[in-house]
Amino acid sequence: MKNSLELIGKYFLLMKIVFSKPEKWKLFWKQFFIDTEKLVISSIPIIAVISVFIGAVIVIQTASNIESPFISKMYVGYMARESLALEFCSTMIALILAGKVGSNISSEIGSMRITEQIDAMEMMGINSANYLILPKIAASTVFNPLLMVMSFILGLLGGAIIVMITGVVTLSQYQEGLQYSFRSYYIFYSMVKMSAFSFVITSVSAFYGYNASGGSLGVGRSSTNAIVVSSVSILVVNLIITQLMLN
Amino acid sequence: MIRVVKLNKFFGDKQVLKDITINYQPGDCSLIIGASGSGKTVLLKSLVGLYEPDSGEVWYEDILFNKLDFKEKKNIRKEIGMLFQGSALFDFATVEENIRFPMDFFTDWSNEQKLDRVNFCLKRVNLENVNKLFPNELSGGMQKRVGIARAIALNPKYLFCDEPNSGLDPHTSILIDQLISEITKEYNITTVVNTHDMNSVMEIGDTVGFIYNGELVWEGNKNNILTSSHKELNEFVFASNMAKRVKEMMG
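Each protein sequence line maps, in turn, to chains A and E.
When you number the first sequence by the working numbering, it's gap-free, plus one each residue, and the end is 247.
When you number the second sequence by the working numbering, it's gap-free, plus one each residue, and the end is 251.
Structure below.
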């Protein structure tokens, strides 16, 4: 318990240093775009593939569970849309990013820590936490919600493809379901969640990387901790935001 | 000039530095020697503020460095260059970007001026045409030279070198030592070198401080280190068979 509180305290102290004014805005923006490419754009292929397949699977599962003749088949599209918008495209994608991006950040910063590259920056009088972590947090918090939207669209497309291939429902029934009782607020809710999850993933992973010690084993340990803690934190944040925005 | 007064550092219950008091003068290569684990690196990192000493004072000229906060320390750090044991070059940057790094942060020079300075620093450490290479494309000796080039990029008043010869062959070690010594004299830098390499001591040791179990137990220079009667120092200096034979031959 004491260790956990100590860790949380250290995390907030690091965040205080991270959220200070960058030494030079020009260098911040340069790093921001590099990190956008590295953390967001490079994640597009994996997110796209997963979204298409999950969209297809959700459609098949939903169709197989609607056996009653009293329930319209258009609900397959409706259920797929709601599942994707409310939970899959934000929470599931965030958990996947926690693995991909989280391990990338913690191992990169951890390696810099154990090879004294961070010490070298500090020695130059540079706020290393600000320079290394803030652009990552900013890039993923700003752009990952767009990944969520992309995932949502591709998920629906995956559903449409499987509908056309298997004919579990007709395409027009599926389209009708997608348009039925659409609430754009759910997309907004999901984007807000994705933004919060992205903050958690990048800041927690950076925290573990920044405090890595004990050579390459330490870097590995910090990556594992980053993924585990990010994933659990995502679930907790999910619960809190859902309670605040939907209840 | 750097003045260290009664510096103490603990890690948990273990005291790693015990009442270290020493002065470092401009234009001198001042060496800190001692066995592995004796506290050399902790002393060096305490001098530059990477470790906070538990008590004692580190003065840069008339400024009490270890009582300053991060922002205040920044002004002093702009005048410090440091060569790390593993060079600590940024993996994500080319040689040119590594040397430019402090210039990008702390100068308003134009790109041409920065490039001129990069090339000047590289030439000074006898490296050319490596601007676009990444650190992993360089040999250990070249990485050290780039590390020195980066350390002198902003014309430092103080230069700290942590084990500059570790992992290098004897010939390259001597070249690095000579380079550090030349730069120190040329720009009248206050240089502190942390080493356990006796060749370095004999090459560049204008002043030498021997640390034993966290205590500064002997001070001298390269001329009187071989004739000292200090027991622990003799054990350290004449640890190798070759050194013992040389001592026997010298009588």
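For glycine and all other residues, C-beta sits at the position ideal for the given N, C-alpha and C.
Here the structure is a predicted model, which means the values were calculated and not measured.
For E:Thr190, the uninterrupted beta strand (DSSP E) segment begins and ends at Thr190 to Thr195. Straight-line spacing of the CA atoms in E:Lys231 and E:Phe210 works out to 12 Å.
Under the three-state reduction of DSSP output, E:Gly209 falls in the strand class. The Cβ atoms of E:Thr195 and E:Gly27 do not sit closer than 9 Å to each other. For E:Leu115, no CB of chain A lies under 9 Å from its own CB, so it is not counted at the interface with that chain. Distance from the CA of A:Leu147 to the CA of A:Ser203, rounded to the nearest whole angstrom, comes to 19 Å. Three or more Cβ pairs closer than 8 Å define a contact, and the stretch 134-148 of chain E meets that threshold against the stretch 163-177 of chain E. Contact annotation, A:Arg81 with A:Leu154: C-beta distance approximately 13 Å; criterion of less than 8 Å not satisfied.
With a threshold of 16 other beta carbon atoms within 10 Å, E:Asn241 falls short and is exposed. Going by DSSP, A:Glu37 is part of no alpha helix (DSSP H) at all; its letter is neither H nor E. Annotation: A:Phe19 is outside any beta strand (DSSP E) and is labelled neither H nor E by DSSP. According to the DSSP assignment, E:Asn23 belongs to no alpha helix (DSSP H) but to the beta strand (DSSP E) extending over Lys14 to Tyr24. Of the other Cβ atoms in all chains shown, fewer than 16 fall within 10 Å of the Cβ of E:Asn129; this residue is therefore exposed.
Between E:Cys161 and E:Leu43 a beta carbon distance of about 13 Å is seen, past the 8 Å cut, so the two are scored as non-contacting. Boundaries of the alpha helix (DSSP H) around A:Asp119: Gln117 to Met123.
Closest in alpha carbon position to A:Tyr208, among A:Lys193, A:Ser198 and A:Asn225, is A:Asn225.
Following the DSSP letters along the chain, one finds E:Cys121 inside the alpha helix (DSSP H) bounded by residues Asn111 to Arg124. Within the stretch 25-36 of chain A, the residues whose Cβ lies closer than 7 Å to some Cβ of chain E are Leu27, listed in chain order. For E:Asn8, the enclosing beta strand (DSSP E) has its first and last residue at Ile2 to Phe11. A Cβ of chain E is located within less than 9 Å of the beta carbon of A:Met112.
Closest option to A:Thr62, judged by alpha-carbon separation, among A:Val163, A:Ser198, A:Thr115 and A:Val101: A:Val163. Only exposed fits A:Ser213, as fewer than 16 other CB atoms lie within 10 angstroms of its CB. Note on geometry: alpha-carbon atoms of A:Ser231 and E:Glu57 lie some 45 Å from one another.
Secondary structure at A:Leu239: helix, using DSSP grouped into helix, strand and coil. The beta carbon of E:Trp218 lies closer than 6 Å to those of Phe210, His230 and Leu233 in the same chain, with the five residues before and after it left out. Relative to A:Ser198, the option among A:Ile126, A:Thr36 and A:Met79 whose CA is nearest is A:Thr36. Three or more Cβ pairs closer than 8 Å define a contact, and the stretch 102-118 of chain A falls short of that threshold against the stretch 169-189 of chain A. For A:Val101 and A:Ser43, the gap between their C-alpha atoms comes out near 8 Å. Within chain E, the residues Ala88, Leu89, Phe90 and Asp91 have their CB atoms less than 8 Å from the CB of A:Gln117, given in chain order.
With respect to chain A, the C-beta atom of E:Phe65 has no partner C-beta closer than 9 Å. Among the residues of chain E, those whose CB is under 7 Å from the CB of A:Ile126 are Phe105, following chain order.
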